[in-house]
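Take a look at the structure set out below.
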Amino acid sequence: MKFLGIWPEERKFDRASSYRVLIPVSLMFLFMALPQTINLYFIWGDFNLIVDNLSVANLTVIIALTKITIFWFNGRSIQNLLALMTNDRKEADTEEEIKKMMKIASISRRISIGSTVITNAVVVLWAMSRFLLMRQSGRRALFLLSSFPYESLITPNFELTSVGQIVSAFCTATTYTVVDTFVAMLILHVCGQFSYLRQKISELGTNDDVDFRKKLAKIVKKHDTLNKFADTIENKFNGMLLMQMLGCTIELCVLCFQALLSITEGSQELFVFQMCFLTLYISYILLQIFLYCYIGEKLASESSKLANAAYECKWYNMSAKEAKCLVLIIRRARSPLCITAGRFCSFNLQLFTKILKTSMGYLSVLYTMKSKNVE
Numbered sequence: 011m012k013f014l015g016i017w018p019e020e021r022k023f024d025r026a027s028s029y030r031v032l033i034p035v036s037l038m039f040l041f042m043a044l045p046q047t048i049n050l051y052f053i054w055g056d057f058n059l060i061v062d063n064l065s066v067a068n069l070t071v072i073i074a075l076t077k078i079t080i081f082w083f084n085g086r087s088i089q090n091l092l093a094l095m096t097n098d099r100k101e102a103d104t105e106e107e108i109k110k111m112m113k114i115a116s117i118s119r120r121i122s123i124g125s126t127v128i129t130n131a132v133v134v135l136w137a138m139s140r141f142l143l144m145r146q147s148g149r150r151a152l153f154l155l156s157s158f159p160y161e162s163l164i165t166p167n168f169e170l171t172s173v174g175q176i177v178s179a180f181c182t183a184t185t186y187t188v189v190d191t192f193v194a195m196l197i198l199h200v201c202g203q204f205s206y207l208r209q210k211i212s213e214l215g216t217n218d219d220v221d222f223r224k225k226l227a228k229i230v231k232k233h234d235t236l237n238k239f240a241d242t243i244e245n246k247f248n249g250m251l252l253m254q255m256l257g258c259t260i261e262l263c264v265l266c267f268q269a270l271l272s273i274t275e276g277s278q279e280l281f282v283f284q285m286c287f288l289t290l291y292i293s294y295i296l297l298q299i300f301l302y303c304y305i306g307e308k309l310a311s312e313s314s315k316l317a318n319a320a321y322e323c324k325w326y327n328m329s330a331k332e333a334k335c336l337v338l339i340i341r342r343a344r345s346p347l348c349i350t351a352g353r354f355c356s357f358n359l360q361l362f363t364k365i366l367k368t369s370m371g372y373l374s375v376l377y378t379m380k381s382k383n384v385e
């Protein structure tokens, strides 16, 4: 993230690191987003070329630019969240709690590494498939269907443009992945803290509990901090997540459609290579959208379980006045926390199935339109 210039920190005009982000943004915009969008005007009417333009990189780079912009502008807020995570680690007073936090950190790390490996493998397969296609056809062609204000197929313009497109593709893939996995890490941390808080609530009401008010005050303060933590994530990223949901729905549709075209109309020599690329690409998109739906489901579940923990603790050993204090926790926990797509819908496993159904519905429409055009 430091390499991309989006590591969470306060942005200052007199700090060079605040402008590092302009390098990947410029590459993605000048070599991918802008040329491909302009190219849509020239290929309008050619169904196959439009699908190829939208499926391979155009939608992906637009989403990546949205992510990197939102993440960069919210550097200060995200830095505060990291500070809270550091405090949670310092305040861990039992070996069991430390192990839970280390386990969550390990899971987040594996998700990040796995996603990065997969997305870079997608870029490598894409570049190799384009290169082999050019070699088979015996003529030069850009790796991405693009329109530039210069002759891009002559030396050295072709070589420089091709290198620029490949480098910008890796920047796009890395940006797309690191932002998603970073947000997932934040939410998984909140879920882990809710689990710890639930354990603390269940310990209330024991016979030797002489510091009930102090423990309850600490629990309420911690609960409020976690609610603000989750609300910050929701407020800063709900617009980005809306773009993610819509983009993934369209990408799944056009990528599956392109896979169908490869089966029915594609080159037999490169069929296996193209199908490997498309399968891995589709799997990666499914993985990313499922990741958001899973952590959204887990956040709602963990936050609502606090009410059950308060009800199931030994409140019958407390005085009536002390037991009434638990009502506030129960009432607050009955409204589960969630992450939303632009505040229109919450991310959960049900949304994941709806995205799949919608994508397949659009795929059916595209295939019908293609069949009619052929006739």
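According to the numbering used here, the sequence shown is numbered sequentially starting from 11.
Note that the Cβ used here is the ideal one computed from N, Cα and C, for glycine as well.
For clarity, every value in this text was computed on a predicted model and none was experimentally measured.
CB contact flag (residue i, residue j, <9 Å)
i, j, result
"I243", "I197", "yes"
"L155", "C266", "no"
"L338", "Y321", "no"
"M255", "L361", "yes"
"M38", "I78", "yes"
"S205", "K110", "yes"
"L69", "G257", "yes"
"L94", "F239", "yes"
"V71", "T182", "yes"
"S118", "H199", "yes"
"L14", "R25", "no"
Expected contact under 8 Å - CB spacing of residue i and residue j to nearest Å
i, j, result
"V61", "V282", "That pair is no contact at about 21 Å."
"S162", "F168", "6 Å"
"S139", "L280", "6 Å"
"T76", "M250", "6 Å"
"E261", "S28", "Incorrect: roughly 31 Å between the Cβ atoms, too far for contact."
"A343", "S313", "7 Å"
Nearest residue (CA-CA) to residue i, options the options
i, options, result
"D103", "P346, L207, A310, C355", "L207"
"L359", "K334, E332, Q298, V375", "Q298"
"N248", "D190, S212, I33", "D190"
"I340", "N90, I121, A319", "A319"
"F41", "V31, C335, E332, A67", "A67"
"L309", "S345, C323, Y294, A333", "S345"
"G352", "L44, Y29, K246", "K246"
"K113", "T165, I273, G202, A240", "G202"
"P18", "R86, L44, T185", "R86"
"T368", "W325, C323, T259, S314", "T259"
"M213", "N327, C355, R30", "Going by the sequence as given, residue 213 is Glu instead of Met. Nearest of N327, C355, R30 to E213, Cα basis: N327."
"L91", "K315, N237, Q284", "N237"
"F180", "I117, V133, E312", "V133"
"Q209", "L316, S172, T184", "L316"
"T185", "L50, I73, I164, I117", "I73"
"V35", "T274, S178, T378", "S178"
"T96", "A115, L296, N84", "A115"
"F83", "F141, S122, L32", "L32"
"L226", "N49, K334, N63, L376", "K334"
"L142", "L366, C355, Q284", "Q284"
Close-in-space but distant-in-sequence residues of the same chain around residue i (CB under 6 Å, 5 per side omitted)
i, result
"F357", "Y302, C303, G306, I349"
"F81", "I16, V189"
"L252", "A351, G352"
"E107", "Y206"
"A452", "The first residue shown for the chain is 11 and the last is 385, placing residue 452 beyond what the model contains."
"F144", "Note on residue identity: the sequence assigns Met, not Phe, to residue 144. A151."
"F158", "P45"
"I292", "L265"
"A269", "L288"
"R296", "Residue identity differs from the one stated: residue 296 is Leu in this sequence, not Arg. Here the set comprises nothing."
"S122", "T191"
Cutoff 7 Å; reference residue i; Cβ partners in own chain excluding five residues on either side
i, result
"T187", "S125, T126, T129"
"F135", "Before going further, note that residue 135 is Leu rather than Phe in the sequence given. Answer for L135: C286, F287, L290, listed in chain order."
"K232", "L207"
"L271", "N58"
"E332", "F222"
"R99", "M111"
"C355", "L361"
"F52", "S157"
Chain D contact for residue i (CB, 9 Å cutoff)
i, result
"I211", "Among the chains in the structure shown there is no chain D, since it carries only a single protein chain."
Beta-carbon proximity list for residue i, same chain, < 8 Å, skipping 5 on both sides
i, result
"W54", "I60"
"G174", "L37, L40, F41"
"Y294", "S125, I128, T129, V132"
"T47", "N68"
"F300", "F362"
"Y377", "F267, L270"
Residue i CB to nearest heavy atom of the ligand COA below 8 Å
i, result
"L373", "Ligands displayed in this structure: none; no statement on the ligand COA is therefore possible."
Review point. What are the uninterrupted segments assigned as alpha helix (DSSP H) that are 4 or more residues long and contained completely in the segment 72–144, given in chain order?
Key: 85–101
Review point. Which runs of the beta strand (DSSP E), 3 residues or longer, sit entirely within the segment 169–228?
Key: none
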